[in-house]
Structure formats: C-alpha cells, structure tokens
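A.B. asks:
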Amino acid sequence: MLKETPDRVSFFMGEKEMNGSLHLFDKIIEKAEARIEAAPSYDALALETAGDPAGPGHTAFYLGRNIPLLKRLAAAIEAGERDPIRFVYIDPPFFSENDYDAVVTAGDQKLKFTAYTDRWSDGLEDYLVKAACVLVLIRRVLAADGLVCVHLDWHVSHYVRALMDEVFGADRFVNDIVWTYKSGGSTTKRFSRKHDDLLLYSKSKEYRFNPQKEKSYNRGGKPYRFDGVDEFEDENGWYTLVNMKDVWDIDMVGRTSGERTGYATQKPLKLMRRLIVSCSDEGDTVADFFAGSGAFPLAAAELGRNVIACDVSPLSADTTMRRLEKAGAFVDLYADNAAEDTAQDAFDAEVSAVREKGTVTVTVDAIAEPGLADRLDGKSLAAAEELLAHAPERLIKSVSAGSAGPDGVFYKVKEAADACSVSFDASEIEGPVVVKVTDVFGNFTYKSVS
Ligand SMILES: C[S@@+](CC[C@H](N)C(=O)[O-])C[C@H]1O[C@@H](n2cnc3c(N)ncnc32)[C@H](O)[C@@H]1O
Numbered sequence: 341m342l343k344e345t346p347d348r349v350s351f352f353m354g355e356k357e358m359n360g361s362l363h364l365f366d367k368i369i370e371k372a373e374a375r376i377e378a379a380p381s382y383d384a385l386a387l388e389t390a391g392d393p394a395g396p397g398h399t400a401f402y403l404g405r406n407i408p409l410l411k412r413l414a415a416a417i418e419a420g421e422r423d424p425i426r427f428v429y430i431d432p433p434f435f436s437e438n439d440y441d442a443v444v445t446a447g448d449q450k451l452k453f454t455a456y457t458d459r460w461s462d463g464l465e466d467y468l469v470k471a472a473c474v475l476v477l478i479r480r481v482l483a484a485d486g487l488v489c490v491h492l493d494w495h496v497s498h499y500v501r502a503l504m505d506e507v508f509g510a511d512r513f514v515n516d517i518v519w520t521y522k523s524g525g526s527t528t529k530r531f532s533r534k535h536d537d538l539l540l541y542s543k544s545k546e547y548r549f550n551p552q553k554e555k556s557y558n559r560g561g562k563p564y565r566f567d568g569v570d571e572f573e574d575e576n577g578w579y580t581l582v583n584m585k586d587v588w589d590i591d592m593v594g595r596t597s598g599e600r601t602g603y604a605t606q607k608p609l610k611l612m613r614r615l616i617v618s619c620s621d622e623g624d625t626v627a628d629f630f631a632g633s634g635a636f637p638l639a640a641a642e643l644g645r646n647v648i649a650c651d652v653s654p655l656s657a658d659t660t661m662r663r664l665e666k667a668g669a670f671v672d673l674y675a676d677n678a679a680e681d682t683a684q685d686a687f688d689a690e691v692s693a694v695r696e697k698g699t700v701t702v703t704v705d706a707i708a709e710p711g712l713a714d715r716l717d718g719k720s721l722a723a724a725e726e727l728l729a730h731a732p733e734r735l736i737k738s739v740s741a742g743s744a745g746p747d748g749v750f751y752k753v754k755e756a757a758d759a760c761s762v763s764f765d766a767s768e769i770e771g772p773v774v775v776k777v778t779d780v781f782g783n784f785t786y787k788s789v790s
C-alpha cells in the first residue's frame, strides 16, 4: 500500500516498511512542516521587465528567500491557478562552513565581498530542516511527470539522499550523477575530492526523461564493423554512440573562461544544458531556487524553457538579469513585498534628474552603502571606503531609465556609469521616467522623474 500525503510519501506492505524507509528523518520533516506553516508567503512585487519580449523563454526572477516563494507557488499550483513545474534544479549551500566571495569591479579596483555564507551555527540539524522545507515544497510544485535535481558534494549528499528517499519515496530515485572536474586543490592525505553529486528524483513513476547519447571509443581506435551498428570517426579514433552514463566529466568555469561572472561557485552552462535537455522539453516551465550567477536560468531560457529563478542575493539578481538581457532573453524581476530586509535597504543614492527636450540627465549627488563593513573586509573594505569618500561614481554600476507599466518598469536604456551624471535620449518614453541606479554589489534604488 502506498501511503501518500500531499507533502511526503512512505511505503507500507502490511506492517512491514518497503524500500528501506526507516523514518530516520521524521523529526526533521516534522520540524520542516512546522517551519513551512509559520513561514510568510512571498508577496510578489513586480519591479521591472527587461530584454526582448520576443526572445526565447521567459524568466521570472524572484529576489528573496526561496521558502516563502515555494510556499506561494505550491498554493497557486494546488489551487489550479498556475501550471506545475516540469524540472527543478537546485544548487544550495553544501554545508561547507565557508563564506563564498564574489569579485566585482569598481573603476580599476577589484573588490572581493561575501556573496553568500554557508555557515550553520545551529549545526547539521538546522541545515537538514531547511533542506527538508525546500524538498517538501519542491515535491508540491512539481508536475506529476516532473523531476528534481539536487546538486551537492561529499559534505551532506549522503544525508540529503536519505532525506529525499523519505520525501519523494526511495523508488523515486532516478540517478546519483557524478560530475567530475579537474579544478580545485589537491592533497596527499587522501584521494583528491574531484566530484559533486547530482541527486535526481522523480515525482511519480510516470516521469518523462529524454535519454542522451555519448561517444564510446572502440578499443584500439579502429572500426569494429559490426552489422547494424553505426560507427563514427573523429580525431580520437572510431566510436559508437551509447546511452549516456551517470559520470560526467565537464570542466568547471575556469579563471579565463568567457562564462565567468566572478560569482562564487558558478556552474558551467554545459552541465546545466545537459540536465535541462534530459529532464524537460521546449516550452516547459523549469525552476532554480538558488540561482547564484544565473547559469541555470540562462541555459534554460536559451533552450526555450520558461524559467522561475530565485535567489536572496541582489548580486545574483543583477548578474542573472544582465546575462539574460545580453542573451536577448525576456526577464521580469520581482521583490518580496512581505520581506523585512530588501536589496533597496543596502544602498541609498540621492538622485536628481532633469528632463529637457527628450533628454533626461540623471545626477547622482551622493551615495550611501550602509552595509559595506558587513560584506567586505581587509583591503577590499579599505578600497571601497576610499572610493566612497573620493570617487563614489566608481561604486555605481549602471543607471537605467524606463517607463512604468502594469508589470513594473520597462527599461529601455541602461548605461554603464563611470560618472555621477548620465544623459539619456528618453524621447520614446511616455509619462514619467523611472530611473534605476545599481551599485557594483547589485543593490539598487529607484526614482521617478516627471
Ligand atoms: C551554490 S550557490 C548557487 C550557484 C549557482 N548554481 C550558479 O551556477 O551560479 C547558492 C546560492 O543560494 C543562494 N541562497 C542561499 N540561501 C538562500 C535562500 N534561503 N533563498 C534563496 N537563495 C538562497 C545564495 O545567495 C547563493 O547565490
């Protein structure tokens, strides 16, 4: 007998548990359910739209914490107000007890600051309760034929896999994909740890999966000439195409890679594309609730998927939006009206604007960065404070201008700002012009000009 609640599944055969479910995580899941119940629901405030509406895919980026967003999406999907999600990929903090930096450019300075922390003062239990909240909610937003992939490494992939067995059912396990790479440090104390675990689970037995092929080189690099077997040749010799295996050797985003954004733990587009084409089809909705540098949303939008992306970091929102816009995709940005801390609290700019004969001149008279000391330290903090005092324009990344519509502001013009005064041709903007000033850390502030 399958005992299924809206939130989790477990399997019984008479009195005996099937699939080895030992209820190891009952306490964790109970705490997660209470935390979900108590969590606020994301109150989406449309901030802006950008990019080309005719571009491939459509991304909705939700700036804020993912549990309130997932809670909101689950309620809407269960009420039939929106379609469930075909594929969810998440790359959460790994329980590494480290801080992760992003490197941003301010004038000729490189500033290193904490993009996100992966420290857990309340320990593993706290981490697992949060993971359980996210997993229980992902199960609720997934389509019946959908798949979820959780990206982790040796720190906690063993616990999370067991937790997923309980949330999704052990027989919903599809793969533990090993992503192996060369980069990173090495040691003589043990074998070098050079792989991540990508745990793939389905919502039901009827999931849809697009098998992929990979090259399998013939021994000796020579053709076998078996009847009915197609063989091909490249610079490494003769090969056949076989069903793809679960060990993937894909380079990390290297220091010199054109993909590199400076956002810590950025994942390669090749890895994202492989997951997306295997687990979804063009036109499907896919989601990433820990978007970081925006690798998954970018790959998915380019492959014609509609994307739900979420991250609590304003730098993630800014980096993702810029990557998507550059790719000609269409993207909406939302903030959580119900959240207490917002990206707009971290940055303040005194902006004045003059509109004359179709030209808008925006002048940033002063900027304040109240949270600077929390995000930067050492040399980077000293350099940023120096810039703030003597060349504040270097801390401004862009000034944009657009017109307000029902879905937020549509930005027609975005200029890199290397001066405190920027002029735009705003002759095409009807009604008030809304100006957005973004700092190099991704924080932003809006001003309206009649
Ligand atoms: C490992 S990084 C993701 C990297 C991403 N896959 C990429 O390719 O760039 C984890 C991200 O999770 C975000 N994050 C951590 N806790 C979060 C939460 N509760 N809600 C939303 N985002 C969160 C962090 O800001 C960080 O950007």
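In short: position in the sequence shown from 1, add 340, done, that's my numbering. Just so you know, even glycine gets a beta-carbon here, dropped at the ideal spot from N, CA and C.
Measure the Cβ-Cβ separation of residue 395 and residue 669 and say whether it is below 8 Å.
C.D. replies: The answer is yes: Cβ separation under 8 Å.
A.B. asks: Quick one: which unbroken alpha helix (DSSP H) runs of 4-plus residues sit fully inside the region 446-524? Chain order, please.
C.D. replies: If we require 4 residues or more, the alpha helix (DSSP H) runs fully inside the region 446-524 come out as 463-481 and 497-508.
A.B. asks: Hey, how far is the Cα of residue 564 from the Cα of residue 575?
C.D. replies: Taking the straight line joining both Cα atoms gives about 17 Å.
A.B. asks: Using the C-alpha atoms, what's the distance from residue 587 back to residue 783?
C.D. replies: Going from the Cα of residue 783 to the Cα of residue 587 covers about 39 Å.
A.B. asks: How many Å lie between residue 627 and residue 637 at the Cα?
C.D. replies: The alpha-carbon atoms of residue 627 and residue 637 are separated by roughly 8 Å.
A.B. asks: Anyone know if the C-beta pair for residue 691 and residue 749 falls short of 8 Å?
C.D. replies: Contact flag unset, no.
A.B. asks: So, at 7 Å on beta carbons, what are the nonlocal neighbours of residue 494 in its own chain, with the 5 sequence-adjacent residues on each side left out?
C.D. replies: Counting only Cβ-Cβ distances below 7 Å, and skipping sequence neighbours, we find 533.
A.B. asks: Is the beta carbon of residue 653 closer than 8 Å to that of residue 456?
C.D. replies: Contact: yes.
A.B. asks: Whose CB is closer than 5 Å to a heavy atom of ligand 1? List the residues in chain order.
C.D. replies: That gives 405, 406, 431, 456, 605, 606, 607, 630, 632, 633, 635, 651, 652, 653 and 656.
A.B. asks: Please check the pair residue 542 and residue 501, which I expect to be a contact at CB under 8 Å, by giving their CB distance rounded to whole angstroms.
C.D. replies: In fact, because the Cβ distance is near 14 Å, the residues do not count as touching under 8 Å.
A.B. asks: Between which two residues does the beta strand (DSSP E) containing residue 764 stretch?
C.D. replies: Here the beta strand (DSSP E) through residue 764 covers 761-765.
A.B. asks: Nearest to residue 775 by CA position, among 404, 781, 716 and 700, is which residue?
C.D. replies: Measuring from the Cα of residue 775, the nearest candidate turns out to be 700.
A.B. asks: By Cβ distance below 8 Å, which residues in the same chain neighbour residue 483 in space, the five residues on each side in sequence not counted?
C.D. replies: Excluding residues within five positions, the ones whose Cβ falls inside 8 Å are 423, 424, 425, 426 and 543.
A.B. asks: Which of the three DSSP states, helix, strand or coil, is assigned to residue 782?
C.D. replies: The answer is coil: DSSP assigns residue 782 none of H, G, I, E or B.
A.B. asks: Name the two residues that bound the continuous beta strand (DSSP E) containing residue 675.
C.D. replies: Here the beta strand (DSSP E) through residue 675 covers 670-676.
A.B. asks: Are at least three pairs of beta-carbons, each pair with one atom in the region 414-422 and one in the region 440-448, less than 8 Å apart?
C.D. replies: No, because fewer than three Cβ pairs between the region 414-422 and the region 440-448 fall closer than 8 Å, the two stretches do not touch.
A.B. asks: Tell me whether residue 605 is buried or exposed, calling it buried when 16 or more other Cβ atoms sit within 10 Å of its Cβ.
C.D. replies: Buried, since its Cβ has 16 or more Cβ neighbours within 10 Å.
A.B. asks: Would you please state the rounded distance, in angstroms, between the beta carbons of residue 478 and residue 410? I believe it to be under 8 Å.
C.D. replies: That belief holds up - the Cβ atoms of residue 478 and residue 410 are roughly 7 Å apart, short of 8 Å.
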